[in-house]
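In the numbering used here, the protein residues as written are 8 to 200. Just so it is clear, CB atoms sit at the ideal spot from N, CA and C, and this is done for glycine as well. Given the structure is predicted, the values throughout are model-derived calculations rather than measurements.
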């Protein structure tokens, strides 16, 4: 049964990547702006002192949180981004002095420099996904970084998934070790589990 769920997730990942890549970039930018506005209206972010975001891989059509990062930083909120230790494959969140100076380190996304400080604690972790369902089950990219990292921060931090509304699925096959998201913000709605 477990093997079938893993295979189903692999097929679903391919389908969701293709779907997301079929949407015009201008539409994704508009949808991303709505998601950022939705996040800013969340009570979890209104009082946050430190937030972990992700830098988008735009060629993959990920939700663009860069405007949110700039807004939070302007408000004095500490904004951290994922960094993967190449030796241990452990994901941490680091605080870049200048997010524009982050670099790609072989995994396809921009990371803070290894010299940047790790964040000790965060109030919110915003999580990317290829899809989610109404129970908060997340279809990630398959490497398990967030599933292994979220339990270190949440609770007390709140994990909030972000997807375009067309990425909300009737069911995501959950497997052992998957961490469901209590809140998901899309360009159309908020799902609270």
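Residue from 98, 128 and 130 whose Cα sits closest to the Cα of residue 118: 98
Contact check, residue 204 vs residue 133, beta carbons under 9 angstroms: Past the edges of the chain, shown from 8 to 200, lies residue 204, and the structure says nothing about it.
So is residue 193 buried or exposed if we call it buried at 16+ other beta carbons inside 10 Å? buried
Here's a check: name, in chain order, each residue in its chain whose Cβ is nearer than 7 angstroms to the Cβ of residue 142, leaving out the five neighbours to either side. 187 and 200
For the segment 28-42 against the segment 145-165, are there 3 or more C-beta pairs whose distance is under 8 angstroms? no
Span separating the alpha-carbon of residue 182 from that of residue 70: 25 angstroms
Beta carbon of residue 164 nearer than 9 angstroms to that of residue 128: yes
Looking only at its own chain, which residues have a Cβ that is under 7 angstroms from the Cβ of residue 26, when we skip the five neighbours before and after it? 173
Could you tell me which of 81, 61, 191 and 33 sits nearest to residue 152, measuring between CA atoms? 61
Output the boundary residues of the alpha helix (DSSP H) element that contains residue 160. 152-160
Enumerate, from N- to C-terminal direction, the unbroken beta strand (DSSP E) stretches of 3 or more residues contained entirely within the segment 108-194. 131-135, 138-140, 165-169 and 190-192
My assumption, with CB atoms under 8 angstroms, is that residue 87 sits in contact with residue 126. Please give the rounded CB distance. 4 angstroms
Distance, Cα to Cα, residue 103 vs residue 89? 10 angstroms
Within 10 angstroms of the Cβ of residue 156, are there 16 or more other Cβ atoms? Answer buried if so, exposed if not. buried
Do residue 32 and residue 83 have their C-beta atoms closer together than 9 angstroms? no
Among all the DSSP beta bridges, which residues are the ones paired with residue 30? DSSP lists no partner for residue 30.
Closest to residue 160 by C-alpha separation, out of 197, 100, 80 and 112, would be which residue? 100
Keeping to the same chain, check which residues put their C-beta closer than 6 angstroms to that of residue 8; ignore five residues upstream and five downstream. Because residue 8 carries a pLDDT of 47, less than 50, the predicted location of this residue cannot be relied on, and no value is offered for it.
Which listed residue (45, 23, 150 and 105) has its alpha carbon closest to that of residue 80: 105
Helix, strand or coil for residue 37, going by three-state DSSP, please let me know. helix
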